[in-house]
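Everything in the sequence shown is counted per the UniProt record's numbering, starting at 1 for the first residue and increasing by one. Glycine residues also receive a C-beta, built at the ideal position from the N, C-alpha and C atoms. Everything below concerns the one structure shown next.
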Amino acid sequence: MSELLNFNYPPEPATDRVTLFADVILPLPLPKLYTYRIPFEMNDSVMVGARVIVQFGGKRVLSCIVADIHENAPADYQAKYVLDVLDDTPIVTGPQLKLFKWIADYYMCTLGEVINAGLPSALKLSSESRIQLHPQYNPEEDEIIFAPQEEKIIFALQHNQALTFTEVGNLLQLKSYHKFIKSLIQKEAIIIYEQVSDKFSPKVVKKVRLTEHFVQEEGMLEELFNQLTPQPKQLDILLNYLQKVPVHQDINLNYKGLEKSELSKNPHLSASSINTLIKKGVLEQFDQIVSRFPIDNLQQQLPMALSEHQLQAKDEILGLFKEKDTVLLHGVTGSGKTEVYIDLIKHALEAGGQVLYLLPEIALTAQIVTRLLKVFGEKLGVYHSKFSDNERAEVWQGILSGRFQVVVGVRSSIFLPFHNLSLIIVDEEHEASYKQYDPAPRYNARETALVMANLQGTKTLLGSATPSIESYYNCKTGRWGLVTMSKRFGQAQLPDIELIDIRDAQRRKAMNSHFSSQLLTAIEERLQREEQVILFQNRRGYAPFISCDECSWIPKCKFCAVSLSYHKYNNELRCHYCGYHERMPHDCPACGATTLKSMGFGTEKVEDELKLLLPKAEVQRMDLDTTKTKNSYQQIIADFENGKTNVLVGTQMVTKGLDFENVSLVGILNADTVINFPDYRAHERAYQLFVQVSGRAGRKGKPGTVLIQTRDPLQPIFRKVRNNDYESLYEHEIEERLRFGYPPFVRMIRITVKHAEEETSENAAIVLAKDLVDRLGKQQVLGPEVPYIFKIRNLFLNEIHIKLPRANTNLKAAKDQLAQAIFNLRLLPVFKNIRIVADVDPM
Ligand SMILES: Nc1ncnc2c1ncn2[C@@H]1O[C@H](COP(=O)(O)OP(=O)(O)OP(=O)(O)O)[C@@H](O)[C@H]1O
Ligand SMILES: [Zn+2]
């Protein structure tokens with residue numbers, strides 16, 4: 001027996017020496033898969049879906065995913081060897097690989113880009129990866145046996161914070177050192193991380209417990225009581241401990257102990273006495289590493305009992321699922337869709353499958369996670385970008401191991417390694433944030449979820465109070481099932497919606513900056529009644545631009561064709577497209593006058609002015625600027641829930657899905673910017689936004705009011721919003737879409753041509769458009785045209801839109817033509833540096 005075998009290293013060479021090759025997906029935007037040769041001794045350990053380490057190019061060592069194993073050597077190059085296998089079991093499942101391929105094909109990008117977006121970086125190793133000692137690893141205590149090479153690594157790590165892979169290679173003077181790293185990870189002696197700054201730091205809590213002999217030995221506890229009787233403060237602590245940790249019922253409870261803060265935060269207990277007890281050896285203090293997803297203190301609850309309407313909706317959904325794969329739940333705001341989802345999730349879990357619950361925004365997950373945790377406890381995984389990489393990897397592994405059976409998350413959750421889904425829920429299905437705009441893959445999580453459901457033979461439930469026109473069309477044509485809930489839950493009524501004519505108010509001198517006196521009075525009234533208010537404004541920052549009163553100078557971004565927004569809190573001018581920022585000048589750089597004025601207004605100004613106008617109001621703001629840190633959403637939402645704040649000002653973040661019982665007034669400060677947006681979806685979007693934000697008012701018994709400030713109260717969209725008349729919106733929109741050729745009747749692909757020189761960009765777009773007309777036909781190609789924002793990050797943009805009729809178009813063939821046209825264009829020397837982005841189903 002070789003010494004190596006004792007350490008679980010690759011098995012002995014197979015006797016029938018077939019030469020196998022692995023096609024791997026490298027985490028790079030490469031147009032095709034690369035083939036590597038599998039060394040004989042790894043024939044049995046390389047698996048589809050597992051990670052292997054390969055060398056790519058001269059120096060780079062990368063981990064990649066095996067997509068296929070076969071016996072065909074590549075025809076045009078000599079295959080390099082796979083260096084090492086990282087996983088015993090696949091980390092990417094079969095259905096997932098199929099889905100990734102679909103995403104790459106449909107959204108016209110490479111598999112590498114899909115893998116790159118999909119895998120948490122903690123699962124992507126490269127030569128930049130570093131290792132450090134596992135924080136729980138204790139060389140004295142552990143009885144694990146290490147190979148000499150492993151000991152060498154551990155020794156080095158005891159003297160160095162961290163080592164790169166390359167350093168490990170040099171240390172061992174070995175090329176195939178990865179197996180030692182892998183083995184050390186399995187033995188939990190080391191961990192891997194990507195950068196020094198992102199080092200894994202375990203979450204530790206301080207705990208106390210009774211020193212062992214007090215519990216183990218007969219009569220010791222009684223004696224302790226006697227001893228402590230003269231010290232009532234210490235006795236109190238002991239009693240309190242025993243109340244929370246009833247060791248007399250089960251002595252094993254003592255081992256888990258109690259968080260020290262449970263005792264120290266109690267105002268009736270003395271902190272110094274706790275420490276005295278520790279010094280005396282009555283209590284012992286210890287650290288415990290806890291999960292990042294603690295649910296210890298949550299009381300598991302049964303889901304709420306469904307109302308008659310909810311039960312009926314649920315039965316209808318289950319009934320429709322017998323015939324259709326997809327059902328849309330169209331329920332007005334506050335109708336109790338979430339409880340219907342929860343019931344269906346329970347149902348699906350009982351049948352033994354996994355459930356994915358998609359939400360469009362992190363802001364929304366905060367509230368819903370609390371609700372779901374109560375019902376599903378440890379089975380629930382949460383996934384979004386505010387989580388650290390380690391946390392995301394923990395969720396990924398948790399799904400593979402079966403720890404998490406329900407996952408709630410934002411759009412990127414569609415990349416997770418599900419293999420046994422029995423239900424997918426897409427909440428707020430109309431939301432544009434399901435679409436990733438940049439970088440590739442430019443996928444729509446809603447569409448991808450439907451394909452995922454199809455690949456796994458499962459059902460999808462989409463829900464919204466304001467469905468997208470496309471989804472509703474699918475119901476009308478019978479492809480999907482439709483279930484409607486037209487009443488709010490319980491006694492709650494839909495809010496009253498009133499319009500305020502800003503122009504008229506200005507004439508009557510009834511405007512106080514951006515607030516009509518009607519709105520201000522309404523806010524004051526709610527505050528007096530101790531009710532809460534939500535105010536919506538479509539823009540963040542203080543003002544979308546500033547301008548000199550004297551010479552009309554307006555500061556613009558150096559890199560983009562947009563004006564700079566003014567942010568007052570840090571006195572900065574900022575570009576919302578590229579992030580460029582500079583200090584707000586004191587005088588006009590053009591004429592020297594001191595007459596710089598802010599124009600228009602954003603959420604920051606609303607917050608600022610409201611604090612001046614209503615000094616008693618506790619105002620908080622929720623927008624991109626106030627939600628940068630991980631827990632900021634949760635904090636803002638919790639403060640509002642607890643009544644610590646009474647006015648919440650925000651961008652579209654405050655409009656959707658949030659459920660506050662005490663909100664009785666919603667104000668929309670300027671409705672017009674939402675409606676007058678140059679896009680075929682503008683009216684659909686405006687309707688959705690107004691209905692959704694209105695839907696936050698009056699959700700629990702108290703009647704709600706919505707005040708909408710506008711310069712154009714006759715705009716027909718308002719009538720539809722006030723009457724909650726989705727049908728009439730749909731009828732109008734679908735007719736226009738048919739007449740002018742927009743989705744759902746056509747599929748659109750937007751091609752953006754980018755170049756640092758305006759003329760080159762334009763010429764390239766002209767050449768490309770011409771070629772596309774030849775290939776696809778004149779009807780199918782629109783443009784090129786210069787978009788409204790014609791320069792971003794120093795690149796000049798030109799757009800071409802391709803419209804492909806849904807009926808009788810061979811989509812695959814059309815995309816091949818498009819890809820060929822782009823390829824040919826790039827062959828022309830003048831257009832060598834041109835960048836071309838294809839966005840399929842742009843939003
Ligand atoms: N069966 C039930 N028992 C008790 N309360 C319920 C029940 N169903 C819903 N509710 C309450 O009614 C309110 C509205 O429900 P929910 O948030 O699910 O509405 P929704 O349809 O998701 O609304 P939106 O589209 O605005 O997000 C919530 O406060 C919820 O707790
Ligand atoms: Zn910019």
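Excluding the five sequence neighbours on either side, which residues of its own chain have a C-beta within less than 6 angstroms of the C-beta of residue i, listed in chain order?
i	result
asparagine 662	Glu531 and Gln532
tyrosine 357	Val408 and Ile425
glutamine 354	Gln405, Phe418, Asn420 and Leu421
tyrosine 434	Pro360, Arg411, Asn444, Ala445 and Arg446
serine 197	Here the model assigns serine 197 a pLDDT of 33, short of 50, so the residue's position is not dependable, and the following value carries that caveat. Counting only Cβ-Cβ distances below 6 angstroms, and skipping sequence neighbours, we find nothing.
CB residue i to CB residue j, shorter than 8 angstroms?
i	j	result
leucine 331	alanine 465	Residue identity differs from the one stated: residue 331 is glycine in this sequence, not leucine. Going by C-beta atoms, glycine 331 is nearer than 8 angstroms to alanine 465.
isoleucine 717	leucine 400	no
leucine 221	threonine 229	no
arginine 392	proline 120	yes
isoleucine 38	valine 48	no
leucine 283	arginine 209	yes
valine 54	valine 82	yes
histidine 755	alanine 764	yes
cysteine 575	lysine 791	no
alanine 671	threonine 710	yes
valine 406	leucine 372	yes
proline 555	leucine 573	yes
asparagine 723	valine 691	no
arginine 540	threonine 651	yes
histidine 514	leucine 614	no
valine 706	valine 666	yes
alanine 807	arginine 775	no
If you reduce the DSSP assignment to three classes, tell me which class residue i lands in.
i	result
aspartate 839	strand
serine 516	strand
glycine 381	strand
leucine 827	helix
serine 307	coil
histidine 581	strand
asparagine 275	helix
asparagine 297	Any reading at asparagine 297 must be qualified, since the residue scores a pLDDT of 49, below 50, and its modelled position is unreliable; the value itself is stated next. The answer is coil: DSSP assigns asparagine 297 none of H, G, I, E or B.
aspartate 501	strand
tyrosine 726	helix
asparagine 474	helix
glycine 783	strand
isoleucine 38	strand
alanine 79	coil
How about residue i: is its C-beta nearer than 8 angstroms to some C-beta of chain C?
i	result
proline 585	Reference to chain C is not applicable here, since this structure consists of a single protein chain.
Please return the same chain residues whose Cβ sits closer than 8 angstroms to the Cβ of residue i, not counting the five positions on each side in sequence.
i	result
aspartate 679	Arg685
glycine 112	Ile25, Leu26, Pro27, Leu28, Pro29 and Leu30
glutamate 71	Val18, Thr19, Leu20 and Phe21
serine 307	Gly336, Phe489 and Gly490
aspartate 608	Tyr542 and Lys568
valine 382	Phe293, Thr365, Val369, Val395, Val407, Val408 and Gly409
For residue i, I'd like the list of residues in its chain whose CB is within less than 7 angstroms of its CB, leaving aside the five on either flank, ordered along the chain.
i	result
tyrosine 137	Glu188 and Ala189
glycine 698	Ala492, Gln493, Pro495, Ser664 and Gly704
leucine 269	Asp236, Ile237, Asn240 and Leu263
serine 176	Leu83 and Asp84
leucine 804	Val746, Arg747, Gln780, Leu811 and Ala814
alanine 838	Met108, Ile749, Ile751 and Leu818
valine 451	Leu99 and Trp102
arginine 715	Residue 715 is actually glutamine in this sequence, not arginine. Cβ within range, chain order: Ile675.
lysine 700	Ala492 and Glu661
Touch test, the region 628 to 636 against the region 563 to 577, Cβ-Cβ under 8 angstroms, three pairs minimum: no
Should the region 594 to 614 be called in touch with the region 527 to 546, which here means at least 3 C-beta pairs below 8 angstroms? yes
Report yes or no: do three or more beta-carbon pairs, one from the region 241 to 255 and one from the region 208 to 219, lie closer than 8 angstroms? yes
For the region 333 to 345 against the region 608 to 622, do three or more pairs of beta-carbon atoms, one drawn from each stretch, fall closer than 8 angstroms, so that the two count as touching? no
I'd like to know if the region 576 to 587 and the region 518 to 531 are in contact, where contact means that at least 3 CB-CB pairs between them fall below 8 angstroms. no
Does the pairing of the region 646 to 656 with the region 360 to 368 give three or more beta-carbon distances under 8 angstroms? yes
Any heavy atom of ligand 2 nearer than 5 angstroms to the CB - residues listed: Cys557, Phe559, Cys560, Cys575, Tyr577, Cys578 and Tyr580
Taking contact to mean 3 or more Cβ pairs, one atom from each stretch, closer than 8 angstroms, check whether the region 783 to 800 and the region 726 to 746 are in contact. no
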